[in-house]
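Protein chains in written order, with our numbering: chain A, 1 to 156; chain B, 157 to 312.
Number of protein chains: 2
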Amino acid sequence: MTAPEVWFEDLPAGRRIALGTVVVDHDEMLAFNRRFDPQPFHVDEEAARASLFGGLCASGWFTASLWMRCYVDSVLSRSASMGSPGGDEIAWPAPVFPGDRLEAGMEVVAARVSASRPQLGLITLTGTLTRDGATEVFRARFTGMFGRRDGDAATG
Amino acid sequence: MTAPEVWFEDLPAGRRIALGTVVVDHDEMLAFNRRFDPQPFHVDEEAARASLFGGLCASGWFTASLWMRCYVDSVLSRSASMGSPGGDEIAWPAPVFPGDRLEAGMEVVAARVSASRPQLGLITLTGTLTRDGATEVFRARFTGMFGRRDGDAATG
Numbered sequence: 001m002t003a004p005e006v007w008f009e010d011l012p013a014g015r016r017i018a019l020g021t022v023v024v025d026h027d028e029m030l031a032f033n034r035r036f037d038p039q040p041f042h043v044d045e046e047a048a049r050a051s052l053f054g055g056l057c058a059s060g061w062f063t064a065s066l067w068m069r070c071y072v073d074s075v076l077s078r079s080a081s082m083g084s085p086g087g088d089e090i091a092w093p094a095p096v097f098p099g100d101r102l103e104a105g106m107e108v109v110a111a112r113v114s115a116s117r118p119q120l121g122l123i124t125l126t127g128t129l130t131r132d133g134a135t136e137v138f139r140a141r142f143t144g145m146f147g148r149r150d151g152d153a154a155t156g
Numbered sequence: 157m158t159a160p161e162v163w164f165e166d167l168p169a170g171r172r173i174a175l176g177t178v179v180v181d182h183d184e185m186l187a188f189n190r191r192f193d194p195q196p197f198h199v200d201e202e203a204a205r206a207s208l209f210g211g212l213c214a215s216g217w218f219t220a221s222l223w224m225r226c227y228v229d230s231v232l233s234r235s236a237s238m239g240s241p242g243g244d245e246i247a248w249p250a251p252v253f254p255g256d257r258l259e260a261g262m263e264v265v266a267a268r269v270s271a272s273r274p275q276l277g278l279i280t281l282t283g284t285l286t287r288d289g290a291t292e293v294f295r296a297r298f299t300g301m302f303g304r305r306d307g308d309a310a311t312g
């Protein structure tokens with residue numbers, strides 16, 4: 001492993017980061033849906049057309065996973081990330097369909113040093129996926145734990 | 157499709173349902189982690205041992221997806237489910253490791269008829285995965301939309 005480039009101090013409240021674009025692949029989506037979320041509107045074309053969604057659409061967990069990969073590629077892979085305990089919002093405000101081109105983004109909404117483990121910083125971030133620059137299809141707000149630059153220097 | 161057996165009326169507040177057991181498969185977990193969440197502690201044995209987690213562990217989205225499959229198999233596949241707009245809690249209070257045997261469960265915490273679409277019922281449910289009957293490793297609270305028995309009869 002190379003040394004992290006992104007630490008707690010690099011993710012202050014208010015920072016927005018574009019996380020790139022992802023296109024929803026039909027076959028991968030369907031394979032995911034069949035394995036993890038085989039509801040009719042996720043795996044059966046005919047049932048999906050008759051559903052509220054109007055067509056075969058992504059499991060919300062597939063959508064979340066697509067966002068996660070964008071976040072890892074753009075931020076976490078170069079970071080001192082130490083995982084996430086969870087969050088207080090997850091939303092799928094519109095269905096996601098095969099071929100959709102989604103822009104991934106994030107915004108840091110709060111950042112604080114951990115009281116119990118001062119070598120750690122906790123950020124609250126909102127992650128989003130947006131279609132056609134207009135329709136938000138995924139939103140999640142959760143906590144990320146990151147090493148501190150000073151914390152590392154103090155213990156290293 | 158056969159007619160649904162589980163409608164909004166079958167999921168009143170307070171109802172608890174055991175959703176079966178799932179064992180975390182090492183190879184499937186690693187493949188998921190590599191595709192969607194390739195952070196060092198999810199894909200690299202050595203880095204994982206040195207991390208806070210102490211070993212290679214599941215992406216939180218893999219854990220969520222395992223719970224979802226249990227929910228679909230036990231409840232949604234026989235139901236009038238119409239998807240979910242999201243929720244207000246998602247938590248990974250402890251890491252999940254290959255070979256873990258997890259018990260899935262759910263509890264309905266609230267249920268109400270949709271004001272804008274009275275043929276729909278909205279339930280709020282908490283889903284959980286628990287290891288060894290003691291350690292909660294996943295918790296999510298979100299809304300599920302279900303058809304109403306009466307709503308169906310009225311429009312059918």
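Ideal placement from N, C-alpha and C gives every residue a C-beta, glycine not left out. Quantities reported herein were computed from a predicted structural model and do not represent experimental measurements.
Using DSSP with H/G/I as helix, E/B as strand and the rest coil, what is residue i?
i, result
"GLY303 (chain B)", "strand"
"ALA3 (chain A)", "coil"
"LEU167 (chain B)", "coil"
"ALA153 (chain A)", "No answer about ALA153 (chain A) holds up, because its pLDDT of 45 lies below 50 and its placement is not dependable."
"VAL43 (chain A)", "helix"
"GLY55 (chain A)", "coil"
Let's test the definition: count the other Cβ atoms within 10 Å of the Cβ of residue i and tell me whether it reaches 16, buried, or not, exposed.
i, result
"ARG148 (chain A)", "buried"
"GLY211 (chain B)", "exposed"
"SER116 (chain A)", "exposed"
"ASP100 (chain A)", "buried"
"ALA309 (chain B)", "Note that ALA309 (chain B) has pLDDT 45, beneath the 50 cutoff, so the model's placement of it is unreliable and the number below is only indicative. The residue in question, ALA309 (chain B), is exposed, as its Cβ has fewer than 16 Cβ neighbours within 10 Å."
"ALA91 (chain A)", "buried"
"VAL72 (chain A)", "buried"
"GLY170 (chain B)", "exposed"
"GLY133 (chain A)", "exposed"
"ARG141 (chain A)", "buried"
"ALA80 (chain A)", "buried"
"GLU5 (chain A)", "exposed"
"GLY87 (chain A)", "buried"
Could you check which residue in the options has the C-alpha nearest to that of residue i?
i, options, result
"THR179 (chain A)", "A:CYS70, A:LEU102, A:LEU125", "Lying outside 1 to 156, the shown extent of chain A, residue 179 (chain A) is not represented and no answer is given."
"HIS26 (chain A)", "A:ALA13, A:THR143, A:GLY144, A:VAL43", "A:VAL43"
"PHE32 (chain A)", "B:THR299, B:GLY307, B:ARG225", "B:ARG225"
"ALA104 (chain A)", "A:ARG139, A:GLU89, A:PRO4, A:MET82", "A:ARG139"
"THR118 (chain A)", "A:GLY151, A:SER84, A:VAL108, A:MET106", "Strictly speaking, residue 118 (chain A) in this sequence is Pro, with Thr absent from that position. Comparing Cα positions, the closest option is A:GLY151."
"VAL24 (chain A)", "A:MET82, A:PRO85, A:LEU76, A:LEU66", "A:LEU66"
"SER84 (chain A)", "A:SER77, A:PHE146, A:THR2", "A:PHE146"
"PRO38 (chain A)", "B:VAL264, B:VAL265, B:MET238, B:ASP244", "B:MET238"
"GLY158 (chain B)", "B:GLY242, B:THR299, B:SER233", "In the sequence as presented, Gly is not what sits at residue 158 (chain B); that position holds Thr. It is B:SER233."
Is residue i close to chain E? Criterion is C-beta to C-beta, closer than 9 Å.
i, result
"GLU259 (chain B)", "Going by chain labels, chain E is absent from the structure shown, which instead holds the protein chains A and B."
Excluding the five sequence neighbours on either side, which residues of its own chain have a C-beta within less than 8 Å of the C-beta of residue i, listed in chain order?
i, result
"VAL293 (chain B)", "THR219, TRP248, PRO249, ALA250, PRO251, VAL252, ASP256, LEU258, LEU285, THR286, ARG287"
"PHE192 (chain B)", "SER215, TRP217, PHE218"
"ALA111 (chain A)", "PHE8, LEU11, PRO12, ALA13, GLY121, LEU122, ILE123, THR124"
"MET40 (chain A)", "Sequence check: residue 40 (chain A) is Pro here, not Met. Once the five neighbours on either side are set aside, the close Cβ partners of PRO40 (chain A) are ALA47, ALA48, SER51."
"MET262 (chain B)", "ARG172, ILE173, LEU175, TYR227, VAL231, LEU281, THR282, GLY283, THR284"
Which same chain residues, not among the five before or five after residue i, have their C-beta less than 6 Å away from its C-beta?
i, result
"GLU201 (chain B)", "LEU212"
"SER270 (chain B)", "LEU276, LEU278"
Using a Cβ-Cβ cutoff of less than 7 Å, which residues in the same chain neighbour residue i once the five nearest sequence positions on both sides are dropped?
i, result
"MET29 (chain A)", "ALA58, PHE62, PRO98"
"PHE209 (chain B)", "PHE197, PRO251"
"GLU245 (chain B)", "ARG295, ALA296, ARG297"
"GLY144 (chain A)", "SER81, SER84, ILE123, LEU125"
"ARG34 (chain A)", "VAL43"
What are the uninterrupted segments assigned as beta strand (DSSP E) that are 3 or more residues long and contained completely in the segment 218-290 of chain B, given in chain order?
242-247, 257-269, 276-287
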